[in-house]
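To keep things clear, I will list the structure first and then write my remarks on it.
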Amino acid sequence: MTATIMSREEYLRQDLDARLPNYEKDGRLYDIMVSQQFSREFLETLFDIADRINAISHQPGGDDFLASLLRHKRAMLYFTQPSTRTFLSFLSACQIVGMRTGEVRDPSLSSEVKGESQEDALRTFSSYFDLIIMRDAKPGFCEYMAYLQQFAGRNVPIFNGGSGKDQHPTQALLDVYTMHRSFQDRGGISGKTYGFVGDLLRGRAVRSAAYLLTRYSGIKMIFAAPVEFQISPELESYLVEKGIAVQKTDSLEEALPQVDSLYMTRVQDEYDVSGESSRVDYTRYHLTCENIRRMKSDAIILHPLPRRFEIDPAIDSDPRAMYWRQLRNGMYIRAALILYVFGMEDRLAEFGGM
Amino acid sequence: MTATIMSREEYLRQDLDARLPNYEKDGRLYDIMVSQQFSREFLETLFDIADRINAISHQPGGDDFLASLLRHKRAMLYFTQPSTRTFLSFLSACQIVGMRTGEVRDPSLSSEVKGESQEDALRTFSSYFDLIIMRDAKPGFCEYMAYLQQFAGRNVPIFNGGSGKDQHPTQALLDVYTMHRSFQDRGGISGKTYGFVGDLLRGRAVRSAAYLLTRYSGIKMIFAAPVEFQISPELESYLVEKGIAVQKTDSLEEALPQVDSLYMTRVQDEYDVSGESSRVDYTRYHLTCENIRRMKSDAIILHPLPRRFEIDPAIDSDPRAMYWRQLRNGMYIRAALILYVFGMEDRLAEFGGM
Amino acid sequence: MTATIMSREEYLRQDLDARLPNYEKDGRLYDIMVSQQFSREFLETLFDIADRINAISHQPGGDDFLASLLRHKRAMLYFTQPSTRTFLSFLSACQIVGMRTGEVRDPSLSSEVKGESQEDALRTFSSYFDLIIMRDAKPGFCEYMAYLQQFAGRNVPIFNGGSGKDQHPTQALLDVYTMHRSFQDRGGISGKTYGFVGDLLRGRAVRSAAYLLTRYSGIKMIFAAPVEFQISPELESYLVEKGIAVQKTDSLEEALPQVDSLYMTRVQDEYDVSGESSRVDYTRYHLTCENIRRMKSDAIILHPLPRRFEIDPAIDSDPRAMYWRQLRNGMYIRAALILYVFGMEDRLAEFGGM
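Protein chains in written order, with this note's numbering: chain G, 114 to 467; chain U, 114 to 467; chain E, 114 to 467.
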């Protein structure tokens with residue numbers, strides 16, 4: 114009667130390929146955990162849903178229509194790791210498609226003080242809600258919760274909202290979605306040159322975005338970083354193997370004139386072990402009103418935000434600055450993901466105004 | 114012109130019977146404070162409402178219909194004592210019937226720092242909202258606020274969400290409602306044998322559930338606990354007087370084969386004065402994959418949650434394990450209570466799908 | 114390409130008259146920052162909207178109608194300074210007109226820990242939401258954010274929710290709106306006598322309410338305060354110049370029989386430098402069941418709340434006590450302000466029940 118359930122350690126010790134099927138349901142993605150789940154076909158489906166949400170939201174009555182789609186569903190935002198930005202983006206996404214929400218943001222307020230396991234706490238939330246969006250510091254905890262759901266009487270989708278050192282799959286989606294929208298009228302993502310600048314070794318955003326771009330063809334990537342923070346040999350080999358033309362440099366100036374898309378990042382000094390960051394002159398990787406003149410006039414500038422000094426705020430009003438729009442794209446791609454997981458994307462065709 | 118208003122101490126010094134009429138309005142329950150308010154007739158009315166909410170929510174369009182019922186009302190969740198579980202259950206209940214909500218969860222963020230009395234703070238909330246659901250550590254504070262409302266220009270219902278050492282009346286409702294649903298096709302709650310296991314002296318959940326079961330006939334209760342934590346002589350006398358067949362034992366094994374319902378509880382060591390809990394071998398009161406074999410095949414296992422080690426998680430997938438469903442029942446019974454207090458239960462008949 | 118943007122210090126160094134046009138859009142108020150923005154005509158328009166919202170909300174179906182008006186809009190409540198009362202009032206106002214909301218209340222949970230500027234953080238929120246309501250301790254920060262929005266691709270209205278030592282313009286609106294409602298059938302605000310009692314030097318509420326009353330004619334004001342906390346010579350000159358009859362006294366008794374409206378305030382000891390407050394006998398400025406007998410039978414008693422000991426709670430049930438109604442008026446006037454800023458007030462005429 115009672116099933117044999119792996120411990121978290123046992124579960125995570127398996128290959129990713131063995132774990133991925135747990136995150137599907139009826140042949141569709143259900144739990145969103147890692148970028149490896151996103152095929153080219155899935156990306157195109159999702160980007161199309163996000164495009165339609167965005168278009169509908171700009172029509173009279175569009176927001177009301179969108180908010181009627183999932184008003185019968187409710188989402189739990191379990192963010193025991195602080196993240197105002199991602200939290201609010203997911204909250205907004207839920208509100209766009211009409212979901213009502215509950216929040217757990219302060220772990221110290223939790224009943225976990227009464228000695229409950231975190232598994233039980235999360236199972237409680239999945240009893241009350243129809244979707245769990247979570248960011249938790251414990252490695253692999255999201256994946257393990259998605260796995261455990263199979264053994265529960267109730268199985269609701271779980272989204273990894275960028276937990277600890279785990280992946281941040283929806284960040285990768287919004288990055289590539291922004292490229293998709295920017296290049297929509299210029300032949301799409303394929304065949305373009307993508308620059309990545311800054312702390313490329315330790316930032317997970319760059320790794321995930323580069324990974325997703327391998328789903329497209331004719332891609333060139335230029336990685337401009339101090340040697341200490343250049344991409345890992347593993348990532349480089351992987352990209353080359355996937356047919357990407359890779360160029361590494363320690364000069365931002367060398368990258369600027371070549372790129373169609375420039376992905377800026379801040380130094381990830383929260384990962385410093387012994388002050389590595391302070392030994393690097395990071396100002397050489399800052400975008401200024403001066404050096405952006407060397408960029409193509411139709412290039413785009415991205416940044417996962419928050420920024421520090423990598424991009425002069427005066428650049429914000431330059432038409433190539435796409436990072437604030439990127440932020441809004443995050444809402445739309447997350448709303449698209451929610452509609453997709455609940456199998457509601459076909460309902461978008463019902464909107465009369467289109 | 115000015116009324117004579119009792120102080121909190123004066124008010125609480127009165128007999129419960131003198132206080133109860135304050136919690137009614139137009140002959141119906143209005144403020145929910147203690148289990149003593151719930152007659153057999155009220156329980157049957159409420160369980161019927163909850164059954165119908167549950168049924169409607171499983172019909173197409175049902176959730177939307179339910180959420181239309183009280184979308185013009187708004188609830189304040191005032192939880193200055195931490196309680197993720199009860200908080201989210203009430204939040205979900207509000208959302209099920211369409212209420213919008215506001216929260217106060219961190220007392221340190223309150224304007225009380227400016228020297229305001231807590232009575233004024235709560236009167237502020239009742240000025241903004243149509244229902245107050247509260248958990249506050251101050252003894253009898255919920256009752257006192259419900260009393261004070263009479264003298265205010267505005268009187269909104271107040272629900273006690275399990276404040277401090279006060280009762281937790283909606284926990285008792287959800288426990289007995291789970292028995293009602295489980296035994297619905299087997300003759301109902303009356304005539305069954307109910308086991309209670311663990312720290313029976315200090316847990317208020319057991320006391321309240323046992324109390325409510327006295328509303329039914331032909332009930333047998335078996336209390337399995339270490340002698341130190343056995344039920345009080347007062348509770349035993351009360352139950353016997355109400356016609357309950359009471360059996361006390363220190364052996365879980367003795368109880369297992371007899372019970373139709375087994376209510377497990379954790380040790381309430383937060384009430385320890387000098388480490389009482391650590392001197393008891395509580396493992397003798399744990400439910401394991403081994404000893405549940407001695408239970409009837411159609412018995413049910415309940416737990417108010419959170420659990421520690423009283424129930425092996427491997428038992429979760431046993432069909433007799435009812436504690437996760439019990440959790441969801443809590444949402445529905447609370448939603449039913451809200452509809453009842455606002456006199457909206459007749460509107461349920463308007464749902465076309467039924 | 115890139116605009117010249119003033120720093121916060123530069124911006125605030127300008128005259129208020131130079132800054133005010135930044136808070137308008139298409140000839141209407143857009144950002145709500147200071148009482149100086151409110152003309153007599155604007156006040157009458159706004160009070161009329163609030164009256165209609167209030168009336169509709171008391172009709173069957175009225176709350177549902179109101180909540181349909183802005184259900185396609187979403188508001189961010191950014192309250193990094195604690196304020197339960199104002200926070201919940203704005204939250205309620207948003208809910209009344211149907212807006213969905215997100216919150217940032219705990220600055221320590223913010224991503225600002227990653228080194229982001231507060232300007233970027235707020236720009237993030239304005240990317241996700243359609244309205245920002247904020248209370249932040251940094252002087253002039255609200256105004257500066259409203260100014261910066263012009264240079265962003267997206268410009269959403271910003272409301273100052275009573276930031277730090279800045280003005281609290283919606284408090285002033287709700288105070289004067291309460292006078293408007295109370296005197297509606299007695300010739301309106303003009304021609305009446307307004308008493309202000311307590312710490313008149315340091316409380317911003319009194320200053321702002323007195324300022325707004327200069328928009329009306331035939332006003333007399335009596336300021337009853339200990340000499341140490343009497344109004345400033347600047348405020349007195351300003352009022353006299355505007356045609357107000359000003360009387361100053363240190364005796365509450367002298368004021369009581371004269372006033373049509375009595376505005377009570379608590380001592381603002383949070384502004385004490387060296388214990389000034391403790392050297393004053395503030396009990397002389399308390400309203401008691403005794404001394405209210407000296408007031409006119411149709412006078413009104415106001416208080417911005419929270420109160421300490423200035424008003425005996427026994428007075429709450431006196432029909433002249435208007436402070437709890439004043440609190441509810443705050444919700445309606447804020448809801449009116451939201452409708453106005455989104456240009457939705459004409460939609461109120463669509464309500465069939467009126």
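Even glycine gets a Cβ: it sits at the ideal position worked out from N, Cα and C.
- In the structure shown, what three-state DSSP assignment does residue 353/E receive? helix
- Task: Pick out whichever of 382/U, 157/U and 123/U has its Cα sitting closest to the Cα of residue 421/U.
- Result: Answer by Cα proximity: 382/U.
- Starting from the Cα of residue 335/U, find the closest Cα among 319/U, 275/U, 294/U and 204/U and give me that residue. 319/U
- Does the distance from the C-beta atom of residue 488/U to that of residue 405/U stay below 8 angstroms? Only positions 114 to 467 of chain U appear in the structure, and residue 488/U is not among them; the question remains open.
- Quick one: residues in its chain with C-beta nearer than 6 angstroms to the C-beta of residue 207/G, no 5 flanking neighbours on either side, listed in chain order? Setting aside the 5 residues that flank it on each side, residue 207/G is surrounded in the same chain by 188 and 214, each with a C-beta closer than 6 angstroms to its C-beta; the list follows chain order.
- Task: Determine the chain U residues that contact residue 463/G at a beta-carbon separation under 7 angstroms, and present them in chain order.
- Result: Simply none; closest approach about 15 angstroms.
- Message: On the DSSP bridge list, what partners appear for residue 368/G?
- Response: Looking at the DSSP assignment, residue 368/G forms no beta bridge with any residue, so it has no partner.
- Per-residue contacts from residue 238/U into chain E (C-beta, under 8 angstroms): 201
- Distance between residue 237/E and residue 288/G (C-alpha atoms, nearest Å): 16 angstroms
- Item | residue 393/U - partner residues in DSSP beta bridges | Paired residue(s): none; residue 393/U is not in a bridge.
- Task: Quick one: list the residues of chain B neighbouring residue 398/U, beta-carbon separation under 7 angstroms, in chain order.
- Result: Although the question refers to chain B, the structure presented lacks it and instead comprises the protein chains G, U and E.
- Reference residue 202/E; option with closest CA among 138/E, 274/E and 353/E: 274/E
- Message: Quick check: the Cα distance between residue 290/E and residue 328/E, rounded to an integer number of angstroms?
- Response: Rounded to the nearest angstrom, the two C-alpha atoms are 13 angstroms apart.
- Please go through the same chain and pick out, in chain order, the residues whose beta-carbon is closer than 6 angstroms to the beta-carbon of residue 121/U, but skip the five residues on each side of it. 257
- For residue 362/U, write down the residues that DSSP places opposite it in a beta bridge. 337/U
- Of all the CB atoms in chain U, is at least one closer than 8 angstroms to the CB of residue 391/E? Chain U has no Cβ within less than 8 angstroms of the Cβ of residue 391/E.
- Item | Closer than 7 angstroms at the beta carbon, the chain E residues around residue 208/G | 187 and 213
- Could you tell me whether the Cβ of residue 132/U comes closer than 8 angstroms to any Cβ of chain E? Interface with chain E (8 angstroms Cβ-Cβ cutoff): residue 132/U is excluded.
- Hey, how far is the Cα of residue 426/G from the Cα of residue 379/G? 14 angstroms
- Message: Relative to the C-alpha of residue 309/E, which candidate in 360/E, 129/E, 460/E and 144/E has its C-alpha closest?
- Response: 360/E
- Closer than 9 angstroms at the beta carbon, the chain U residues around residue 184/G: 176, 177 and 180
- Query: DSSP three-state call for residue 268/E: helix, strand or coil?
  - Reply: coil
- Message: Residues in the same chain with beta-carbon distance under 6 angstroms from residue 398/E, minus the five sequence neighbours each way, listed in chain order, please.
- Response: 310, 311 and 365
- Task: Scan the stretch 295-308 of chain G for residues whose Cβ lies nearer than 8 angstroms to a Cβ of chain U and list them as they occur along the chain.
- Result: none
- When the Cβ atoms of the stretch 154-174 of chain E are set against those of the stretch 438-445 of chain E, are three or more pairs found closer than 8 angstroms? Two segments are said to touch when three or more pairs of C-beta atoms, one from each, lie closer than 8 angstroms; by this definition the stretch 154-174 of chain E touches the stretch 438-445 of chain E.
- For residue 285/G, is the classification buried or exposed, using 16 other Cβ atoms within 10 angstroms of its Cβ as the cut-off for buried? Buried: at least 16 other Cβ atoms inside 10 Å.
- Query: With a CB to CB cut of under 6 angstroms and the five nearest residues on each side skipped, what residues in its chain are close to residue 178/E?
  - Reply: 464
- Query: How is the beta strand (DSSP E) around residue 248/G delimited, first residue to last?
  - Reply: Where residue 248/G is concerned, the enclosing beta strand (DSSP E) stretches over 244-248.
- Message: Once DSSP output is grouped into helix, strand and coil, what is the label at residue 451/E?
- Response: helix
- Message: I'd like to check one pair, residue 373/G with residue 305/G: are the Cβ atoms closer than 8 angstroms?
- Response: yes
- Query: What do you get for residue 119/G, buried or exposed, if any count of 16 or more other CB atoms within 10 angstroms of its CB means buried?
  - Reply: exposed
- Task: Identify each residue in the stretch 439-452 of chain G for which the Cβ-Cβ distance to at least one residue of chain E is less than 8 angstroms, and report them in chain order.
- Result: 440, 441 and 444
- Could you give the distance in angstroms between the alpha-carbon of residue 457/G and the alpha-carbon of residue 160/G? Taking the CA atoms as reference points, residue 457/G sits about 15 angstroms from residue 160/G.
- Query: If you pair each beta-carbon of the stretch 150-158 of chain E with each one of the stretch 133-152 of chain G, do three or more pairs fall below 8 angstroms?
  - Reply: no
- When 164/E, 209/E, 199/E and 296/E are compared against residue 186/E, the one with the closest alpha-carbon: Considering only alpha carbons, the answer is 209/E.
- From the beta carbon of residue 467/E, is the nearest beta carbon of chain U less than 8 angstroms away? Residue placement at residue 467/E is poorly supported in this model, since its pLDDT is 48, which falls under 50; the coordinates still yield a value, given next. Output row for residue 467/E: interface = no.
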